[in-house]
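Here the structure comes first, spelled out in structure tokens, and everything after it is commentary.
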């Protein structure tokens, strides 16, 4: 059936086709931002960051920076998973719509370096006396390097702190100083029928690995020894057993589904006696919007308890700032890092209770005054004793965490850990071969 | 228009080329010829869109699946033949358990949705008071996004603070871990899927039932068939094509489920990979492990798996009509 009453000549058809192609072409060219040209003064400096107390504090202060550079700042705050996925999508497409990137030096920095997604900051960082690179703690500085190049600047550091209820441990002679004492106190205080638990912590396969690392080190173990898997060692097995028993017996139901987001509210609501997690989140337990009055009034902070090998917590740079290799505003991005991670801002933020990475702020009594005294002391001791990593130092950290965390789940579920550890150890060894192959490629 | 005016084709020339000098025969076109060109002009944007959005990604994924791409999609990579496919098919730790979970989730959820959907459609077949209200209520779960639904159920089923455990306690039943449990997570997610998608099955089957002729059923009633016999031997065979279509649509959708699994259990499909389906596994390979070659191979295998399921369902469910 005909739909047209007008015959269409070859010339008309050609015009129509050319018009359509032109329209599509114009549309496509309009949609694509010009590559390699400097954006106009109205284009904002785009910062992608984790939704963290540090980034919230910086966001509140950006007006000062905007006036300094004469450019608007656009800051996007996401969860760590969302942030990671966004980077993968944007940078795989060589996206120019992110300038400053908040990255986890211990999680994705190596793979980003492998992909050549981060700008080499070595000359900028080392050539700027005012920035004082030597003022940063050694562990965070070391974690910022990849193949000898400085790829990020640390802004937040973390150590595991023992959060406890002072009112509950009064009869036990104060907070536990050893892992054995923690276990017995947690078991003693657990009353599952009343919905009260002796201990709460992360139990998710991957999410728990970073917290479990301190238990592993304190049992004398490590993830890798001489580049080979060490999760099958006697010490690692003991650490798996310990953590599984602690969380499985004294912990709340559904512990294997718990990461920071699930575990923290249980302690904040006064349903647990002990909780070990990052010290950077302590303000949640003093916040009336999150914690119950019982917790706010009685929360105490203690250093990580000693295991058979002593107290060996981690002391890590949890978040750092880098510059997207494809950014068209690299100069402004570096100005932002100078401002946000500079000595002045680090001191200001630490005075607000956000633990930084500079030695100068840690030795300044005024900045430490922001923290409750027992927390400041716990942080100081943990930093002194700490190791600079809390997960395997490999290229594919996500995969490594999935393998290392598997026996943890079995232990929490009360299953026999030994065969799972054996299998995970073999899988980790296979993984390391593959990871090394990727590193060399 | 006189067809005789068009000259006969000559050897060595295109059949549509008019003879020199025959001016009247050069410009006229049949409506069909004009329409054919106009049709292609109109179709061009759609074809371009399909090419860019479907054919290119599929071809790119297929090519990627034959490489050792890692870290970045556009990084240097080598073609390694079918090694990713053999690696995936030989992986008994993650790939095959994920394939099994995909199948269990799909079969379990779709069977429940079909049975419940059919039952509800039969109940709602005859008009009753408040029917519009019931239909409106039925549609509500379909309107919400799966991520919102996941978060809603996560709050309801929270083992420590969720309302579900308070209700169980009120009834004197023991508390449950629900989505916090390794063993209960997949069944719970299947039930959430059933809660969300049964209404769609009901509406589809209700539409099918409303088109069925009433005479065969009346004849069966006159012959003395009871309600079950009328349903089993008269209604169900007539509803076959609609049922098959609904089943294929829902099964394909259930096979691809991702958002609700991610919203409730996060990346990685839970602590013991308890809800890691092929979709979740491929996502993890891509975004957590940056193993683009292997992820592409898993997705190609998954696509073949979906095509296989559709073919089987269409054959079993009277595919010619579906």
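Residue numbers (full-length UniProt numbering), protein chains in the order written: chain A, 1 to 441; chain B, 1 to 322. Glycine residues also receive a C-beta, built at the ideal position from the N, C-alpha and C atoms.
Starting from residue i, follow the beta strand (DSSP E) in both directions and report where the run begins and ends.
i, result
"residue 153(A)", "153-158"
Could you tell me which residues DSSP pairs with residue i in its beta bridges?
i, result
"residue 272(A)", "197(A)"
"residue 165(A)", "299(A)"
"residue 314(A)", "387(A)"
"residue 136(A)", "358(A)"
"residue 277(A)", "161(A)"
"residue 145(A)", "150(A)"
Just curious, the alpha helix (DSSP H) that residue i is in, first and last residue?
i, result
"residue 195(B)", "185-210"
"residue 346(A)", "343-351"
"residue 184(A)", "179-189"
"residue 97(B)", "95-123"
"residue 279(B)", "278-283"
"residue 335(A)", "330-340"
"residue 323(B)", "This structure gives no information on residue 323(B), because the portion of chain B shown stretches from 1 to 322."
"residue 229(B)", "227-230"
Grouping DSSP H, G and I as helix and E and B as strand, with all else coil, what is residue i?
i, result
"residue 40(B)", "helix"
"residue 428(A)", "helix"
"residue 322(A)", "strand"
"residue 307(B)", "helix"
"residue 356(A)", "coil"
"residue 30(A)", "Unreliable placement is indicated for residue 30(A), whose pLDDT of 41 sits below 50; no coordinate value is reported for it."
"residue 447(A)", "Lying before the first or after the last residue shown, residue 447(A) is absent from chain A, which here runs from 1 to 441."
"residue 81(B)", "coil"
"residue 24(A)", "Residue placement at residue 24(A) cannot be trusted, given a pLDDT of 46 that sits under 50; what the coordinates show is reported in the next sentence. Residue 24(A): helix per DSSP, three-state reduction."
"residue 405(A)", "helix"
"residue 69(B)", "coil"
"residue 423(A)", "helix"
"residue 439(A)", "helix"
"residue 307(A)", "strand"
"residue 89(B)", "helix"
"residue 221(B)", "helix"
"residue 138(B)", "helix"
"residue 413(A)", "coil"
"residue 287(B)", "helix"
"residue 376(A)", "helix"
"residue 367(A)", "helix"
"residue 290(A)", "coil"
"residue 382(A)", "helix"
"residue 264(A)", "helix"
"residue 259(A)", "coil"
"residue 74(B)", "coil"
"residue 235(B)", "helix"
"residue 129(B)", "coil"
"residue 398(A)", "helix"
"residue 170(A)", "helix"
"residue 32(B)", "helix"
"residue 434(A)", "helix"
Determine the chain E residues that contact residue i at a beta-carbon separation under 7 Å, and present them in chain order.
i, result
"residue 206(A)", "No chain E appears in this structure, whose protein chains are A and B."
* Continuous beta strand (DSSP E) assignments of at least 3 residues falling wholly in the stretch 42-124 of chain A -> Whole beta strand (DSSP E) segments, 3+ residues: 45-50, 73-78 and 100-103.
* Segments of 3+ residues assigned as beta strand (DSSP E) that fall wholly inside the stretch 238-271 of chain B -> Listed in chain order, nothing qualifies, since the stretch 238-271 of chain B has no complete beta strand (DSSP E) run of 3 or more residues.
* To do: Output, in sequence order along the chain, the residues in the stretch 274-300 of chain B whose CB is closer than 7 Å to any CB in chain A.
  => Under the 7 Å Cβ criterion, the stretch 274-300 of chain B contributes 287, 288, 289 and 290.
* Output, in sequence order along the chain, the residues in the stretch 146-157 of chain B whose CB is closer than 7 Å to any CB in chain A. => Against chain A - using a Cβ distance shorter than 7 Å - the stretch 146-157 of chain B contributes no residues.
* Could you name the residues of the stretch 77-89 of chain A whose beta carbon sits closer than 8 Å to any beta carbon of chain B, in the order they occur along the chain? => Within the stretch 77-89 of chain A, the qualifying residues are 81, 84, 85 and 88.
* Enumerated in chain order, which unbroken segments of the alpha helix (DSSP H) with a length of 4 residues or greater are wholly contained in the stretch 201-250 of chain A? -> Taking only runs of at least 4 residues, the alpha helix (DSSP H) segments lying wholly in the stretch 201-250 of chain A are 209-218 and 234-250.
* Contact residues within the stretch 379-409 of chain A, judged by C-beta distance below 7 Å to chain B -> Sequence-ordered contacts of the stretch 379-409 of chain A with chain B read 396, 398, 399, 402 and 409 [C-beta pairs closer than 7 Å].
* Asked: Which ranges does the alpha helix (DSSP H) cover as unbroken runs of at least 4 residues, wholly within the stretch 140-191 of chain B, from first to last along the chain?
  -> If only uninterrupted alpha helix (DSSP H) runs of at least 4 residues are considered, those enclosed by the stretch 140-191 of chain B are 146-156 and 163-170.
* To do: Check distances from the C-beta atoms of the stretch 58-74 of chain B to those of chain A and list, in chain order, the residues that come in under 9 Å.
  => Here the close residues are 68, 70, 71, 72, 73 and 74.
* **Under 7 Å (Cβ pairs) to chain A, residues found in the stretch 157-168 of chain B** => Flagged, chain order: 159 and 160.
* the stretch 174-198 of chain B: positions lying closer than 9 Å to chain A by Cβ -> Those would be 175, 176, 177, 178, 179, 180, 181, 182 and 185, in chain order.
* Asked: Looking at chain B, which residues of the stretch 319-349 of chain A have a Cβ within less than 9 Å of any of its Cβ atoms?
  -> Against chain B - using a Cβ distance shorter than 9 Å - the stretch 319-349 of chain A contributes no residues.
* Any residues in the stretch 231-245 of chain A with a beta carbon nearer than 9 Å to a beta carbon of chain B? Which ones, in chain order? -> Close to chain B, meaning a Cβ-Cβ distance shorter than 9 Å, is no residue of the stretch 231-245 of chain A at all.
* Asked: Mind listing which residues of the stretch 78-94 of chain B have their C-beta closer than 8 Å to chain A's C-betas, in chain order?
  -> Result list: 93.
* Asked: What are the residues of the stretch 116-128 of chain A that lie near chain B, defined by any Cβ-Cβ distance shorter than 9 Å?
  -> If the cut-off is 9 Å between Cβ atoms, the stretch 116-128 of chain A has 116 and 117 near chain B.
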